[in-house]
Each structure stands twice: as C-alpha cells, then as structure tokens.
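Novice: Dropping the structure in here first, questions after.
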Amino acid sequence: MNLDFYKKQALQKQKEHKKFLDGLKKKPPKNLDYIVQETHDDVFDDVDCLQCANCCKTTGPLYTEKDIERIAKHLRMKSADFEAKFLRVDEDQDKVLQNLPCFFLNNDNTCSIYDVRPKACREYPHTDRKKIYQINNLMVKNTVICPAAFEFVERMMKNISK
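All residue numbers for the sequence shown refer to my numbering, where the first residue is 892 and numbers rise by one.
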C-alpha cells in the first residue's frame, strides 16, 4: 500500500472532499445512512488494514474510563498503573497514548489487545457512522491518514452523484 500516494491525493482533494461532505450536511439524500453503510462495506472488501496500520503508527485514540478499565483488567493491571505506564493527558484534557506508534501494535500490524481495544480504535475511520455529515472535519482529516477513509469519500462522491 502506497501511503505517500494516498496522502498526496488526500491533500490535493481536501477542498473537494470538504465541499462534497458539506453538501451532504446541507441536503442529505433520504437514504444516506444506507449508501454510507454500502460504501463502507465495499471499501473494506478491498482495503486490508493489516497492510497499512497507519492510524496505529501516526495517531493515538482517546481512551475513555471504560476503555482504561477494560484494557487494564485484560492486562491484569490496576487502572492507575495502566494510565501511568501508557497514557498522558493532552491539551484538551483527553487521555491519550504517551508515545506513537501505539505500544500495542505488533510487527505484523496486528493489535495485541484487539479484542479489548479502545472504542475509538473499534470505530475508526468512522466510515460506517449514521449521519456521517456530523463528522465532516474529522472525515477530511482521516482521509490524509487512512487510505480506506480516502477511498470511502471518493466512492461516496460517485455513489451520491448517480
């Protein structure tokens, strides 16, 4: 997977993608959630996250209290010890990873805590979300990080214009 290619494409098309997504917000098609789910499924039939894992290498998820409790329990640690070892509080007062790439990312791009991974990781890149237009700015940012998010917006543009 050529991440540089996707990143360049995404940066070149940012304005076009933003305009398209803003249009969805102004006048969403009646069956938007259905088109979103169908497009998401099509994209992930073609894109294998294990070939990339750029999200795990370059961006960290926000950790909720539930995430921390679940993962700490899985690792047989106290929540406070888990936080001290892996997390920090960022400028928005969110709990995030101290370092990137993610500590739980294995050499083969698999996740060592996959079954208990944070909610943010489970939902990323948010391409199967209902009312997708509520996260337009996030989606545009994600297209630069995630080839699947880029493909999703590109295919949405084709699917909506039909």
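Ideal placement from N, C-alpha and C gives every residue a C-beta, glycine not left out.
The structure displayed is predicted, hence computed values, not measured ones.
Is residue 894 helix, strand or coil by DSSP?
Specialist: Note: residue 894 maps to helix in three-state DSSP.
Novice: When the distance is taken between beta carbons, is residue 934 closer than 7 Å to residue 1041?
Specialist: Contact: no.
Novice: Just to confirm before moving on: does the CB-CB distance between residue 947 and residue 894 stay below 7 Å?
Specialist: For residue 947 and residue 894, no; Cβs fall outside 7 Å.
Novice: So which of 902, 896 and 908 has the shortest CA-CA distance to residue 1046?
Specialist: Residue 1046 has its Cα closest to that of 908, out of 902, 896 and 908.
Novice: Need the endpoints of the beta strand (DSSP E) that residue 986 sits in, please.
Specialist: 986-988 is the span of the beta strand (DSSP E), which, as asked, contains residue 986.
Novice: Would you kindly work out how many angstroms separate the C-alpha atoms of residue 1051 and residue 1025, rounded to a whole number?
Specialist: If I take the Cα positions, the gap works out to 17 Å.
Novice: Of the choices 1027, 982 and 977, whose alpha-carbon is the least far from that of residue 990?
Specialist: Minimum Cα distance to residue 990 is reached at 977.
Novice: Within the chosen definition, does the segment 946-960 reach the segment 915-931 through at least 3 CB pairs nearer than 8 Å?
Specialist: Verdict: no, contact absent.
Novice: Could you give the C-beta distance for residue 1033 and residue 1016, rounded to a whole number, given that I count them as a contact under 8 Å?
Specialist: Right, the Cβ-Cβ distance comes to about 5 Å (below 8 Å), so this counts as a contact.
Novice: So, at 6 Å on beta carbons, what are the nonlocal neighbours of residue 1023 in its own chain, with the 5 sequence-adjacent residues on each side left out?
Specialist: These residues qualify, in order along the chain: 927.
Novice: So residue 1010 and residue 930 are in contact, right, with Cβ under 8 Å, and what is the actual spacing, rounded?
Specialist: Wrong, their Cβ atoms sit about 22 Å apart, outside the cutoff.
Novice: By how many angstroms is the C-alpha of residue 1036 removed from the C-alpha of residue 1000?
Specialist: Approximately 15 Å, taken between the alpha carbons.
Novice: Quick one: measure Cβ to Cβ for residue 1049 and residue 924, integer angstroms, because I've assumed they're closer than 8 Å.
Specialist: Contact flag wrong, Cβ pair sits at about 18 Å.
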